[in-house]
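K.L.:
The sequence shown lines up with residues 391 to 708 when you count with my numbering.
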Amino acid sequence: MLKSITTLFNPLPAYISDFIKSDYQLYKYALVAVFLSVSVAVNYWVSFEANFVAVPNYASRLVRYILFYGFAYYGGVIIIAWSKPKTELTYLKNSKFWLITFIGIIILSFDNSFHGSYNIAKQLVGLNSYLFVGKLFAELRNFVTLFLPLLVFWFFIRKKSDSFFGLTLHNVSVRPYILMLFIMMPLIFIAAQSPSFLATYPMFKSFGMEAYWGVNIGWLVALFEFLYASAFLAVELFFRGFLVIGLLRLMGKDVIIPMVCLYTFLHFEKPMGEAISSIFGGYLLGVFAYYSKNIWGGVFVHAGIALLMELAAGLMKM
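1) Would you tell me roughly how many angstroms separate the C-alpha atoms of residue 577 and residue 628, rounded to the nearest one?
2) Quick one: Cα of residue 423 to Cα of residue 647, how far?
3) What are the boundary residues of the alpha helix (DSSP H) that includes residue 408?
4) Please report how far the alpha carbon of residue 706 lies from the alpha carbon of residue 449, in whole angstroms.
5) By how many angstroms is the C-alpha of residue 654 removed from the C-alpha of residue 665?
6) So residue 659 and residue 404 are supposed to be a Cβ contact under 8 Å. How far apart are they, rounded?
7) Pull up the distance between the alpha-carbon of residue 558 and that of residue 686, whole angstroms please.
8) Report the start-end ranges of each alpha helix (DSSP H) in the segment 448 to 522 that is 4 residues or longer and not cut off at the edges.
9) Measuring CB to CB, does residue 698 end up less than 9 Å from residue 610?
10) Count the other C-beta atoms from every protein chain shown that fall within 10 angstroms of the C-beta of residue 630, then say buried if there are 16 or more, exposed otherwise.
11) Assuming contact is defined by CB atoms lying nearer than 9 Å, are residue 409 and residue 651 in contact in what I supplied?
12) Does the beta-carbon distance from residue 473 to residue 421 come in below 9 Å?
13) With distance defined between alpha-carbon atoms, name the residue in 617, 620, 642 nearest to residue 482.
14) Does DSSP put residue 556 in a helix, a strand or coil?
15) Could you give the DSSP three-state label for residue 703: helix, strand or coil?
16) Taking 8 Å as the threshold, find out whether the segment 526 to 546 comes into contact with the segment 492 to 510 through three or more Cβ pairs.
17) Which residues in the same chain as residue 689 place their Cβ atom closer than 7 Å to its Cβ, once the five residues preceding and following it in sequence are excluded?
18) Ends of the alpha helix (DSSP H) at residue 630?
19) Rounded to whole angstroms, what is the Cα-Cα separation between residue 467 and residue 565?
20) Tell me which residues share the same chain as residue 417 and place their Cβ nearer than 7 Å to its Cβ, disregarding the 5 neighbours each side in the sequence.
21) From residue 582 to residue 593, what distance separates their C-alpha atoms?
22) Are the beta-carbon atoms belonging to residue 508 and residue 527 less than 9 Å from one another?
23) Leaving out five residues on either side along the sequence, give the residues of the same chain with a beta carbon under 7 Å from the beta carbon of residue 694.
24) Is DSSP giving residue 607 helix, strand or coil here?
25) Looking at C-alpha atoms only, which residue of 567, 547, 510, 545 is the closest neighbour of residue 682?
26) Distance, Cα to Cα, residue 457 vs residue 656?
27) Pull up the CB-CB distance for residue 649 and residue 434, whole angstroms please, since I reckon it's below 8 Å.
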């Protein structure tokens, strides 16, 4: 079974199959599959996040997201703890591990709990254009509520030789990421046939601003898609930078599984197919970051897939 799994990744760098060979345990990977399968099924069966986590009251929403994301991340940690000898889990006795990961969960929960972009836009530009401007602000949100808190946190824990959670040009190679995009292209255009996909994408909506502002709609598309793609820098910085590169010294190879679990839960407000694909995509991008010690490949793939989804949905609706 292990051989059949690793052969799937033959076109990718050799370290992908090397990582799987060194990390693979049937018991551990089966537990992860069950945990995520049940979580995905429950979420989409009862709209769990929408109905029970993303509640209107901000304080309650923040606490619920901390519990929601904590369940995802520490669920992955528990699976690892069940699968390895205690002698290989010394980081669980290290207070730094618990402090750093809990602060990370608070930062992510704060980011996802903030829903004030449209209210801010309404105050700044009025009722006629606040929907479009609010959508732009929503794409900028990750910079304020995710990127900046991570920057402040890194400032206090950094060492002189450390990059900002993999935000470095050292050891950057785009070849494997271009291959991933080519693999994803037909899958995205197949997914674009789905009504649930087309109900979500394209994310761009002009709200009639091309007529109201008297500008070509192409400029509005370019502005929105640039901000939309740029937002993935903060996402990659958190998941592949903070949770993988930032915790490598403490956890070693164990950084990947909890990150994948949390990354899957992040997608629970997306179409189910996207949440499922995030399991495999998050795993691959995590291994890339683990070996390369930078996040730019993940940014390239993440933004590329997002823009391909925009293109596919736009073509379907033409």
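Here a beta-carbon is modelled for each residue, glycine too, at the ideal position from N, C-alpha and C.
P.N.:
Judging by the given coordinates:
1) 26 Å
2) 11 Å
3) 404 to 413
4) 40 Å
5) 6 Å
6) At roughly 36 Å, the Cβ-Cβ gap does not stay under 8 Å, so residue 659 and residue 404 are not in contact.
7) 8 Å
8) 448 to 473, 485 to 503, 507 to 515
9) no
10) buried
11) no
12) yes
13) 642
14) coil
15) helix
16) yes
17) 622, 623, 626
18) Unbroken run through residue 630: none, as it is neither H nor E.
19) 32 Å
20) 473
21) 13 Å
22) yes
23) 571
24) helix
25) 567
26) 13 Å
27) Not a contact, Cβ separation roughly 22 Å.
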